[in-house]
């Protein structure tokens, strides 16, 4: 009887008290716990107050890399979660941080959440320029975008986002380490790795021409050359952080000569290896000093 009374006490909590308790839980805790306790709890869990932010990144960071994450079945589950949260937010969603979603779910979010400010969708093989162009036109308040490892997104998206989202401050366009297949062997589909964008200078040119207010830029393992770096340094005078890790076609000298024109720059991450475009012989940066 003591157990029954305890359950009754929890079930009879005033909505504002229950909301206060539930609002302290993570997305993972919400999705796997209180939603399934009783109907009244599920109703509270769907309150739009709780869903201005949808952040699954902590779960992905703690979950080991697996081929399962790249399967169509897993993508459908992520899409379903995102669509549900969009509905519960009642149009108030301002931040989305997920992985392995698709154009289908993103278009659904775009139609209903025009005040989106943060969009992080790294490792989403079925997100294309189609949905990203739609986002550029409808979500003009965007401040941060992470499209790392999204190989079906091209420089066209960077142009459209830059033209239509003047508040953009953070862009993450990191690519996979194409020089070390062992790091992704067994879980990332080979055909997806092979589709990694090659047009580093074209993307850099789009960034330099259309994203003048950027403060933080990450383009790890981009295949841009010194020409592309020059475009970024000329067009993004407000940069404070620049990550060029893995950009092996840039020497320390190339980087130093170009970033010196960015007066606000506080930190730049350089590649450890330099591979001249005219040859395949890699040199460590220490050997070039």
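In the numbering used here, the protein residues as written are 242 to 530. The beta carbon of each residue, even a glycine, is placed where N, CA and C say it ideally should be.
- Rounded to whole angstroms, the Cβ separation of residue 361 and residue 337 is 7 Å, and the two are in contact under 8 Å.
- Just measuring C-alpha positions, the residue of 478, 339, 333 sitting nearest residue 291 is 333.
- Secondary structure at residue 294: strand, using DSSP grouped into helix, strand and coil.
- Per the coordinates, the alpha-carbon of residue 348 lies some 10 Å from the alpha-carbon of residue 368.
- Runs of the alpha helix (DSSP H) lying entirely within the stretch 306-349, each at least 4 residues long, are 313-330 in chain order.
- The stretch 440-450 makes contact with the stretch 460-470; the number of CB pairs closer than 8 Å reaches 3 or more.
- Per DSSP, the unbroken alpha helix (DSSP H) holding residue 448 starts and ends at 441-451.
- When rounded, the separation of the alpha-carbon atoms in residue 496 and residue 503 is 11 Å.
- When DSSP reads this structure, residue 385 sits in a beta bridge with 359, 411.
- In this model, residue 412 and residue 435 are separated by some 23 Å (Cα to Cα).
- In this structure, DSSP gives residue 513 a state outside helix and strand, which the three-state scheme calls coil.
- Among the bridge pairs identified by DSSP, residue 459 is matched with 413, 484.
- For residue 399, the uninterrupted alpha helix (DSSP H) run begins and ends at 396-405, by DSSP.
- DSSP places residue 454 outside both helix and strand once states are collapsed to three, so it counts as coil.
- For residue 470, the enclosing alpha helix (DSSP H) has its first and last residue at 467-476.
- The criterion of a C-beta distance shorter than 9 Å is not satisfied by residue 410 and residue 483.
- Exclusion of the five residues before and after residue 327 leaves 334, 349, 350, 353, 354 as the residues of its chain whose Cβ lies within less than 7 Å of its Cβ.
- Going by DSSP, residue 371 is part of the alpha helix (DSSP H) stretching over 370-379.
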